[in-house]
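First comes the structure, then the notes that go with it.
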Amino acid sequence: MTGPNATSTSSPAAKMGRHRSKSTSGSTYCMSSPGAESASLSTPNNAGRSSGEEEEKDGGVLFYVNRTGFPIDGVTWERMWTHVAKVHPDGQDISKIRNAAYLPKHPVPSVPNFKPTMSVPDWLLAIQNYMKTLHYLTNGLTSVERFPISFKTQFSGNHFHHVVLGVYCNGRYGTLGMSRRQDLMDKALTFRTLSDLVLEFEDSYRRYQHTLKKVKIGLYVPHDPHVFQPIEWKYLVLNAARLGREDMRKELEKHGRDMRMKILKSSSAQSPIKERSRGKSLSPRRRQSSPQRRHIHRRDKSPAALDRKPAELSTLTDGYQIRI
385 MTGPNATSTS SPAAKMGRHR SKSTSGSTYC MSSPGAESAS LSTPNNAGRS SGEEEEKDGG
445 VLFYVNRTGF PIDGVTWERM WTHVAKVHPD GQDISKIRNA AYLPKHPVPS VPNFKPTMSV
505 PDWLLAIQNY MKTLHYLTNG LTSVERFPIS FKTQFSGNHF HHVVLGVYCN GRYGTLGMSR
565 RQDLMDKALT FRTLSDLVLE FEDSYRRYQH TLKKVKIGLY VPHDPHVFQP IEWKYLVLNA
625 ARLGREDMRK ELEKHGRDMR MKILKSSSAQ SPIKERSRGK SLSPRRRQSS PQRRHIHRRD
685 KSPAALDRKP AELSTLTDGY QIRI
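Residue numbers (the numbering used here): 385 to 708.
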């Protein structure tokens, strides 16, 4: 872990905060936030902040690293260093690591410079190269659950579609995504329920005169990179134009509870692999899908869905698909 260098000495207020933290019980000490020991918060009132206030503020965890986003600010780095110095057996060596001059600095990509004489292909290439340097994979974060969220909005007679990656960790929801609008892409892990997250997007769309028409929620994406399972993009479909705000909130909260309990199964789950017989082809056979298969899993909460007949599944279901 690298970060901005800071002095290893602490103020008397920080020492007082450490003394008070050690005098409390073990459970309270584990849940207390090290933010009160920051060198920037050197007043006696901040140093004496109770662990209950920190626990209520941070949702029952030590602290959120990305509360202010990236790049990580100096206050967050200070809290991280102080926390490691407390809990690590070799915490007394933190000052040596922080002041080490031989450690390489983490590279930060520079924003590309565009010139009026650049051609369109060169312009796009510069943007693509910059975006590639910002790729962060979440498959290795087993404590973070990922699921797709797609929105359909209407503006000036035209329909627009937008997909973000919903994330769930430690009882909080957030999103990862890209957009030209700051409030339509990344959402911090601060939303207690899935409905709060989706309704926040609806409010953001309304600020840009967009009317939310449909919301599609998928299932958790497996962390196993070798799993033979398609991504469930639209397990729950909500027609926001016909459903009321309270009805949509109830459906989202129910879906969020089912996802947390992991009782939902993908409608395209892989069937058991049968042993190959000699002389028989491995080509997928086209067979008629049963009515139970078509509508047992996916739920469309729009009133018009009750009048529609279930459409025939595409033959692509029996063949190859894009898999993770």
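All C-beta atoms in this analysis are idealised placements derived from N, C-alpha and C, irrespective of residue type, glycine included.
As DSSP reads the structure, R590 sits in no beta bridge. Annotation for L578: Y557, L636 and G640 place their beta carbon closer than 6 Å to its own, counting only its chain and skipping 5 residues before and after. The beta strand (DSSP E) runs lying completely inside the segment 562 to 620 and spanning 3 residues or more are 571 to 575 and 595 to 601, given in chain order. Shown here for H594: same chain residues with a beta carbon closer than 6 Å to its own, the five before and five after excluded, namely T537 and F539 in chain order. The beta carbons of F535 and H543 sit no closer together than 8 Å. Under the 10 Å beta carbon count, M632 is surrounded by 16 or more other beta carbons and is classified as buried.
Around the C-beta of V471, fewer than 16 other C-beta atoms lie within 10 Å, and the residue is accordingly described as exposed. F612 has its alpha-carbon roughly 36 Å from the corresponding atom of S588.
Beta-bridge partners assigned by DSSP to E529: Y552. Annotated three-state conformation of H546 is strand, per DSSP. In the structure shown, N623 adopts extended strand secondary structure according to DSSP, grouped into three states. Proximity of the segment 600 to 611 to the segment 512 to 531 meets the contact definition, three or more beta-carbon pairs being nearer than 8 Å.
The C-beta separation of P455 from V492 comes to about 7 Å, placing the pair in contact by the 8 Å criterion.
Per DSSP, reduced to three states, the secondary structure at L521 is coil, with no helix or strand assignment. Taking the Cα positions, A485 is about 12 Å away from S479. Minimum Cα-Cα distance from A625 among the listed residues M643, D580 and K598 corresponds to K598.
If the five residues before and after M562 are omitted, its C-beta is found closer than 7 Å to the C-beta atoms of M569, all from its own chain and listed in chain order. Between V548 and L573, the C-beta gap is not smaller than 8 Å, which leaves the two residues out of contact. Y514 and D506 have their alpha carbons spaced roughly 12 Å apart. Separation of the CB atoms of I601 and L620 is rounded to 4 Å, and the pair is thereby assigned contact status at 8 Å. Around the beta carbon of K571, 16 or more other beta carbons sit within 10 angstroms, so the residue counts as buried. Taking every protein chain shown into account, the CB of P532 has 16 or more other CB atoms within 10 angstroms, so this residue is buried. A direct Cα-Cα distance of roughly 24 Å separates Y520 from V582. In this structure, the CA atom of K638 is about 38 Å from the CA atom of T517. For R463, the uninterrupted alpha helix (DSSP H) run begins and ends at G458 to V471, by DSSP. Apart from the 5 residues on each side of it in sequence, L596 sits with its Cβ closer than 7 Å to the Cβ of F535, T537, E586, Y589 and A624 in its chain, given in chain order. Collapsing the DSSP output to three states places L560 in a strand. Cβ-Cβ separation between R564 and Y592: approximately 10 Å, too far for a contact (criterion under 8 Å). By DSSP's assignment, S534 forms a beta bridge with V547 and K600.
Note: F498 is not bridge-paired with any residue in the DSSP secondary-structure output. When the alpha-carbon of G453 is set against those of Q512, W465, V468 and T559, the nearest one is in T559.
Note on T466: 16 or more other CB atoms within 10 angstroms of its CB, so buried under the neighbour-count rule. The straight-line gap separating the alpha-carbon atoms of A510 and P500 is approximately 14 Å. Cβ neighbours of I481 within its own chain (closer than 6 Å, five residues either side excluded): none.
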